[in-house]
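Going left to right, the sequence shown walks through residues 1 to 439 as full-length UniProt numbering numbers them.
Glycine is no exception: its CB is placed at the ideal position from the N, C-alpha and C atoms.
Small disclaimer: the values here were computed from a predicted structure and weren't measured.
The structure under discussion appears below in the form of structure tokens.
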Amino acid sequence: MELDDHAEELASDLGVDKEEVKSDLQNLVEYSVPIDEAKGSLRRKYGDGSSGGGGAPSARDVAEITPDDGNVTVSGVVLTAGKRSIRYQGDDHVIVEGTLADETGVIDYTAWEDFGLEPGDAITAGNASVREWDGEPELNLGESTSLSLDDGEPELLEAYADQLGGEATLSDLQTGDRAVTVEVAVLECERRTIDGRDGETEILSGVFGDESGRLPFTNWEPAPELEEGATVRIENAYVQEFRGVPEVNVSEFSAVSAVDRAVDVGADVTTMSIHEAVDTGGIYDVEVVGNVIAVRDGSGLIQRCPECYRVIQKGQCRTHGSVDGIDDLRVKAILDDGTSAVTVILDDELTEGVYDGTLEDALEQAREAMDQEVVADTIRDRIVGREYRVRGHLSVDEYGANLDAESFTESDDDPEVRARSFLEDVEGDDLAGLEGVDA
Ligand SMILES: [Zn+2]
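Take a look at the structure:
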């Protein structure tokens, strides 16, 4: 094959100008690069990741892309672009993650090279590889991807205005979200020292709130603006699961700035059926209403390991062996609302409430009965069969769903009252209707 034929083949495979390819090819051959190697290197240069032959990646609409696609060329506008540092094969890498949209839809991307992507950029990514992430296709922009800036796409930008820059409310956020922007009140904030991957580091952790709800956060490089009572705007945060619930991560790449406005932190907690709540896979701050159908073992008066604070049996910690346990109160109650069931966990304070006594009272009762199970029995008698409204943090693991209660109150809407108020509503409507007819 003549050089000309090689150039022809390459140009048609890669969809680029033949003369351009030919001059590149000529250069390489003049430097004594074997023709096959020269062709391979040009395929990489012009954006075909495959080292052998193979055709050029085909242009795809976002909605058409599937994880089976291999490599694609796709055009659209960058909605979000968030930097994040990850440890990959032992090294720290700064990657950029976000979403790309065209007329047909939105797709997540990860850029392994710094292409300088900014929200609002109209781009064509040639030879982006597609991989499956969490059951969905995701674009990977890497070394072999050719990226070009296109003319602006005002219509697309307008269509996706609400997603540009990742503006979100806390209740919108889900585990896996990247490059999000929120305006929140810092409800709780504490400084902690942790054993990080590079030794001891100081971090901040606490709880954010906005009109839509609350979420816990971690700030990996303490930002001075983050302090209890402050209102802040955070750009380029990401959401990761921690202890079964989504958590906002504020990294070294996030921009934190003070905001001069009051955020009215929603008193309206999301109320869900237990089935819906469990279906979320983990939710911070949710309210459910159901009947306590049982109080599980390990409730009432319990002992904890002084080292790890886990509940121990007969003075034996699974990790620390024979220890001098610390007395504590807790309840694990099964709450059922007809759609599903969840284990509600009450801490010492809430347990004192339902037991109607203090830890001292519980110890006294156990001494008298010479059996600490009497405390759980007392609680069982008080709460089983009653309806409760529970607010707290729900997490789901392989053993089932747990709801860490922040409040646990007997539901005032007893069925009879509910039925009566329903009837009153209906009658009220009818009367109004009748008055209309009379007039
Ligand atoms: Zn222990």
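Would M272 be called buried (16 or more neighbouring beta carbons within 10 Å of its own) or exposed? buried
In terms of alpha-carbon separation, which member of E241, R243, R197 and L187 lies closest to E228? L187
Fully enclosed by the UniProt region "Disordered" (1-20), which alpha helix (DSSP H) runs are 4 residues long or longer? 3-14
Three-state secondary structure assigned by DSSP to Y238: strand
Taking the alpha carbon of E9 as the point to measure from, which residue in L42, D162 and E276 has its own alpha carbon closest? L42
Please classify I293: does DSSP put it in a helix, a strand, or coil? strand
Is the number of C-beta pairs between the segment 153-160 and the segment 188-198 that are closer than 8 Å three or more? no
In chain order, each alpha helix (DSSP H) run of at least 4 residues that lies wholly inside the segment 181-269: none
Using a Cβ distance threshold of 8 Å, determine whether the segment 336-352 contacts the segment 389-403, with at least three qualifying pairs required. yes
Determine the burial state of E97: buried for a count of at least 16 other Cβ atoms within 10 Å of its Cβ, exposed for fewer. buried
Nearest-angstrom Cα separation, counted from L141 out to D13: 20 Å
Reduced DSSP secondary structure (H/G/I, E/B, other) of G49: Bear in mind that the predicted position of G49 carries a pLDDT of just 45, short of 50, making it too unreliable to give a figure here.
Per-residue burial, P216 [other beta carbons within 10 Å of its own, 16 or more giving buried]: buried
So P67 and P137 are in contact, right, with Cβ under 8 Å, and what is the actual spacing, rounded? 5 Å
Alpha carbon to alpha carbon, how far is Y355 from Y309? 22 Å
In this structure, how does DSSP classify T145 when only helix, strand and coil are distinguished? coil
Is C317 near ligand 1 - that is, is its Cβ less than 7 Å away from at least one heavy atom of it? yes
Got a sec? Which residues, its chain only, sit under 8 Å from G315 by beta carbon, not counting five neighbours each side? Q303, S322, V323, D324 and G325
Do the CB positions of V295 and A333 come within less than 8 Å of each other? yes
Per-residue burial, A101 [other beta carbons within 10 Å of its own, 16 or more giving buried]: buried
Within 10 angstroms of the Cβ of G90, are there 16 or more other Cβ atoms? Answer buried if so, exposed if not. exposed
Taking Cβ positions, are Y109 and R214 nearer each other than 8 Å? no
Less than 8 Å between the C-beta atoms of V182 and A237, yes or no? yes
Cβ-Cβ distance between L301 and A366 below 8 Å: yes
In the structure shown, what three-state DSSP assignment does Q313 receive? strand
Once the 5 residues before and after E307 are set aside, which same chain residues still bring their CB inside 8 Å of it? C317, T319, H320 and V323
Of all the options W133, L394, R389 and V396, which has the alpha carbon lying nearest to the alpha carbon of S411? R389
Helix, strand or coil: how does DSSP classify V78 here? strand
CA-CA distance, V248 and S205? 10 Å
Can you tell me where the beta strand (DSSP E) holding G353 begins and where it ends? Premise fails: G353 lies in the alpha helix (DSSP H), D348 to Y355, not in any beta strand (DSSP E).
Would T358 be called buried (16 or more neighbouring beta carbons within 10 Å of its own) or exposed? exposed
Just to check, is the beta-carbon of R310 closer than 7 Å to a non-hydrogen atom of ligand 1? yes
Pick out whichever of V106, E373 and D114 has its Cα sitting closest to the Cα of H93. D114
Exposure of G385, with buried meaning 16 or more beta-carbon neighbours within 10 Å: exposed
For my contact list, L79 and T104 are in at a C-beta cut-off of 8 Å; report their separation, rounded to the angstrom. Contact doesn't hold; Cβ gap of about 14 Å is too wide.
Closest to S146 by C-alpha separation, out of E276, G116, D134 and G392, would be which residue? G116
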